[in-house]
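A short write-up of the structure that comes next.
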Amino acid sequence: MVENEIGNPPPGRADGGLRVLLVGTEADVVDSVRLAIEREPGWHVVHSPHTAGALAHLGETAEIDVLVAHDQAPGTPVTTLLDQARRESPHIARIVLSDPTDRAAALRIAAFAHQNQPLPVDVDSLIDLLRHVGSARNMDLHDPVRTLVGQVDKLPSPPSMFQRLSEIMATPDWSITDLANEVSLDVALTGEILKLVNSSFYGTAHRITSVSHAISMIGLDMTRFIVLGNQMFQSNGGVQGWIDLDRLADRSKAVALAARSLAVRDGGGPDLSAAAYLSGMVSEIGLLVMARIPDIPPSIAAPVNVSTYLGAERALFGGDRFQVGTHLLTLWGFDPEVIETVRRMSTGQACHAGELAWYLAAARQLVVGHGMSADDVGGPVGDDPDTDAVIMSLPDEITDAGEPAPLVAA
């Protein structure tokens, strides 16, 4: 059982408040989390000084939304606790509090936690993070993908990407620029590196959207670990054969480049064009979770691989690729505007010119709907009159190119 409780015992779920399980004995950590919880009406915290008590509590109740664990909590290793939560309570968002100078701890924890927060705890930052990851519990997502999105730690990448990165890093004179250029082409690895650098562990004041900037911040050793040791590169590591990862990577790259090109054409600055590119790269990251579902018939796999049939995805998987991606990106602490942009691709809601979501929806319409290449979209204005005419014909209100399709009964 839990040895101690801070505040009142959590009431029934009817109150809608966020429930936090805090693990650790460090007085400053406990006091900081208590202060954060006390400042938010309706939030509740259960405190277990030891990991053993937390493990027991997780086994007895599902009434926890967020796990906040000090990496030096007494008892079994905190990674054991995090792994059990990942496997048995995948709905719980997992946050670890650790010393930012302890890079070994960061490497150890990375595969198990959604977020790694630096010590000492900044109460305002912790409140913002709890609000952010806690919002994932309100998303309209069902099993099997709801469980899968909570359990996934690393995502798959096309085997060809692994080979290319290995070749680059095996050379004696490889550079951050070389690595960043290659990493930027891959949806899973881009998400993994930006997840880490935006986890607040590195103390960034603003969201980092540039892969080269992210690599320069996390360092070459950390990058080497992520690239070469990441489970996402393992062949058949839970990924089923019905998903075409190379096709997904190519489409994500094309949409990302097209979205960035449209933002540049529209006079958008570096921040907007970078956010447009990032939104395109991670827009279908949910498919990398759905790819772990076995026994998908060819009649379903074919349209999923060509970016249509969202209605069938919801009926069969419990959510479509954009809903799953929204959930995952929320747990990973991505920029809220990027998350909202991905979410809107699932809603059929019109995206208006000048919005980040419009650049993504327009890029998807050009690449997926019209079959245009990223090079065509990115060409200089006036270079190809036919391409210019198609782009100029884009309406000021766009819904996503992958219209939801009804499920056809067998």
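With my numbering, letter number 137 in the sequence shown gets 145, and the count goes up by one each step, no holes. Here a beta-carbon is modelled for each residue, glycine too, at the ideal position from N, C-alpha and C. Just so it is clear, the structure is predicted and the values come from calculations on it, not from any experiment.
For V157, same chain residues with a beta-carbon under 6 Å away, outside a window of 5 residues either side, are V297, V332, H335, L336 in chain order. Straight through space, the alpha carbons of R215 and L187 are spaced by roughly 21 Å. When the beta-carbon positions are compared, A119 and D161 come within less than 7 Å of each other. Just measuring C-alpha positions, the residue of P82, D91, Q125 sitting nearest S40 is Q125.
DSSP places R215 in no alpha helix (DSSP H); its state is neither H nor E.
DSSP, read as helix, strand or coil, puts L90 in helix. The DSSP-derived three-state label of E46 is helix. At a Cβ-Cβ threshold of 7 Å, L163 and A113 do not count as neighbours. Assigned with DSSP and collapsed to three states, V54 falls in strand. Bridge partners of V76 according to DSSP: L30, I103. When C-beta atoms of the region 197-208 are compared with those of the region 267-274, fewer than three pairs fall below 8 Å, so the two segments do not count as touching. In the structure shown, I293 adopts coil according to DSSP, grouped into three states. Three or more Cβ pairs closer than 8 Å define a contact, and the region 248-262 meets that threshold against the region 292-311. For D194, the number of other beta carbons within 10 angstroms of its own is at least 16, and it is reported as buried. For Q373, there is no enclosing beta strand (DSSP E), as DSSP gives it neither H nor E.
For Q159, no beta strand (DSSP E) segment is defined; the enclosing uninterrupted segment is the alpha helix (DSSP H) at 153-159. Taking the Cα of Q159 as reference, the smallest distance to any Cα among I100, L75, M400, R259 is reached at I100. Non-local C-beta neighbours of P152 in its own chain, meaning closer than 8 Å and more than five positions away in sequence, comprise I301, F325, G326, ordered along the chain.
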